[in-house]
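1 is the number of the first residue of the sequence shown in UniProt numbering; add one for each residue after it. First the structure, in the form of structure tokens, and then the observations on it.
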Amino acid sequence: MKSTLLPLNTIRHEFPATENVIYMDVANQGLISRTALSSIGPHLENRLCGINDEPALMEHVERTRARFARFIGAGEKEIAITKNASEGINIIANAVDWRPGDNIVLCPKLEHANNILPWFQVKARHNVELRFIEPENGSVSPAAFIQAIDSRTRIVSLSTMTMVPGFRTRVGPIAEACRHFGAFLLADATQSVGILHTDVAQLGIDGLAVSTVKGLMGLYGSGFLYCRQEWADRLNPAYLSRFSVDLGNTPESAPVLDAVKLRSGAARFDLGHYNFPGMLAAYASMGQLLEIGTQAIEDSVTSLTRRLASGLFELGLPVCGGPPGSHTGSIVAVGDMAALSDGRPISSRIQSLHAYMMSNQVTASTRRGLLRFSLHLYNTEEEVDRVVGLAKSWLK
């Protein structure tokens, strides 16, 4: 029975790449839509012709900020404009008043390097402790996190959905422990926002960093940082620029001759000028996602990933996590999860399966020894069944 959750004919017309390939590599980079592409054109034409559209685009940046706030259930003052999730994580890491003996809790074997490196730097600079949590069957263990958090924990950093094997994190119990001890809970949500419905209040997090290039169907070099207002107003940014401070109605180019007041909320973390094409594309793509409905998108995508995981598992392939369950999000990974822990190279068997898929116009990627299929709103049941069929042919 075909899914009727989403208007797939209309959606797929927006993504011409789907006419030629089965695109299951959103965790690497998402497709952009025709609408997002066309949103950038007028600005580039203006630049080509020497027309200064900066005042209008500055207003557009604020509309984009407000749209992302709505997208994740936050307040407009709780959103900073960034280059990517990595910058957002570094902003928070360097805004804390660290003291020797403080500690940071994370699970590095499941995190992207950019959610590990900043904490090593903090450790080196401020003599703090890094408390590393081991994965539990490829998942973030809430119990292990809770056991590691204490009154000296300043930051707990995790992913809402890991880059690989792509399991969803049960954030709620960890958030409760963070509130109890007054720790800041920071989430890298690049792999989930835009694909899975996200409400920061329901998650109970204090910060969320995201790039627009994956689930948000935008461009490289643009992102957002959510920082809960109560936290933002007591954090001190490591860097300042004209857009970080409140100078009232003073022109942007006016000299600063005295002490400055930080902007209220997360906007104090804005640095330099804005990536206008990135903001234009993000505004357009978020509009499309909101029109369809983020919960409807999650329902559709998770239905497809469950179908894919079940199909591959029934063929006897080593599907990470086994049959689909509460861990299932938008990613299905195949391979030996031991590779996550010991850094072993990808096996020749998984390399062969990946090459077979690519030769049959299925775009996927390998990460940490695993073959990763990652889906979005434009994927279909027919595509999932085709991938399972190809896997069956490869096994023969």
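Even glycine gets a Cβ: it sits at the ideal position worked out from N, Cα and C.
Presumed contact (8 angstroms Cβ cut-off) between residue i and residue j, rounded CB distance
i           : j           : result
residue 235 : residue 96  : 7 angstroms
residue 19  : residue 33  : Contact doesn't hold; Cβ gap of about 14 angstroms is too wide.
residue 89  : residue 115 : 6 angstroms
residue 263 : residue 241 : Their Cβ separation, rounded to whole angstroms, is 11 angstroms, which puts residue 263 and residue 241 out of contact at 8 angstroms.
residue 181 : residue 155 : In fact, because the Cβ distance is near 11 angstroms, the residues do not count as touching under 8 angstroms.
residue 315 : residue 391 : 6 angstroms
residue 223 : residue 87  : 7 angstroms
residue 78  : residue 232 : 7 angstroms
residue 417 : residue 321 : For residue 417 there is no data in the structure shown, the boundaries of the chain being 1 and 396.
residue 178 : residue 149 : 7 angstroms
residue 387 : residue 22  : 6 angstroms
residue 110 : residue 140 : 6 angstroms
C-beta atoms of residue i and residue j nearer than 8 angstroms
i           : j           : result
residue 197 : residue 298 : yes
residue 267 : residue 80  : yes
residue 336 : residue 347 : yes
residue 119 : residue 157 : yes
residue 161 : residue 375 : no
residue 227 : residue 204 : no
residue 64  : residue 283 : yes
residue 167 : residue 329 : yes
residue 308 : residue 384 : yes
residue 229 : residue 75  : yes
residue 72  : residue 188 : no
residue 113 : residue 190 : no
Cβ-based burial, residue i [other Cβ within 10 Å; buried from 16]
i           : result
residue 10  : exposed
residue 459 : Here the chain has residues from 1 to 396 only, and residue 459 is not among them.
residue 128 : buried
residue 259 : exposed
residue 151 : exposed
residue 131 : buried
residue 248 : exposed
residue 163 : buried
residue 396 : exposed
residue 67  : buried
residue 252 : exposed
residue 159 : buried
residue 312 : buried
residue 212 : buried
residue 256 : exposed
residue 44  : exposed
residue 48  : exposed
residue 69  : buried
residue 124 : exposed
residue 56  : exposed
Close Cβ partners of residue i (< 6 angstroms) along its chain, the five nearest in sequence each way excluded
i           : result
residue 339 : 368 and 369
residue 221 : 83, 275 and 278
residue 174 : 142 and 145
residue 60  : none
residue 350 : 335 and 371
residue 294 : 197
residue 12  : 18 and 378
residue 332 : 305, 308, 309 and 373
residue 134 : none
Contacting residues, own chain, Cβ-Cβ under 7 angstroms from residue i (five flanking each side not counted)
i           : result
residue 1   : Confidence is the limiting factor: at residue 1 the pLDDT is only 33, short of 50, which leaves the residue's position unreliable, though a coordinate-based value still follows. Result list for residue 1: empty, nothing under 7 angstroms.
residue 170 : 142
residue 394 : 353 and 356
residue 94  : 238
residue 317 : 334 and 391
residue 345 : 369
residue 46  : 53
residue 201 : 73
residue 153 : 103, 105, 181 and 183
Cut-off 8 angstroms between Cβ atoms - residues of its own chain near residue i, not counting five sequence neighbours on either side
i           : result
residue 3   : With a pLDDT of 43 at residue 3, under the threshold of 50, the predicted position of this residue should be treated as unreliable, and no value is reported.
residue 39  : 280, 281, 283 and 284
residue 425 : Outside the shown range of the chain (1 to 396) lies residue 425, about which nothing can therefore be said.
residue 246 : 260, 261, 262, 263 and 264
residue 216 : 30, 193, 194, 210, 282, 285, 286 and 289
Beta carbon proximity, residue i to chain D, threshold 8 angstroms
i           : result
residue 125 : The structure shown contains no chain D; it is built from a single protein chain.
Task: Completely contained alpha helix (DSSP H) runs for the region 13-89, where each covers 4 or more residues - done: 34-49 and 54-72
TODO: Counting only runs of 3+ residues fully inside the region 237-308, write out the beta strand (DSSP E) ranges in chain order.
DONE: none
TODO: With a floor of 3 residues, list each beta strand (DSSP E) that falls wholly inside the region 143-218, ordered by position along the chain.
DONE: Listed in chain order, the complete beta strand (DSSP E) runs (minimum 3 residues) inside the region 143-218 are 153-159, 184-188 and 207-211.
Open item on the list: In chain order, what are the residue ranges of uninterrupted beta strand (DSSP E) at least 3 long that sit wholly in the region 311-390?
Closed with: 331-334, 365-367 and 370-374
- [ ] Output the residue ranges of the alpha helix (DSSP H) runs that lie fully inside the region 116-140 and measure 4 residues or longer, sorted by chain position.
- [x] 117-126
- [ ] Could you tell me which uninterrupted alpha helix (DSSP H) segments, each at least 4 residues in length, are contained entirely in the region 93-118, listed from first to last along the chain?
- [x] When DSSP assignments are scanned along the region 93-118, no uninterrupted stretch of alpha helix (DSSP H) that is 4 or more residues long falls wholly within it.
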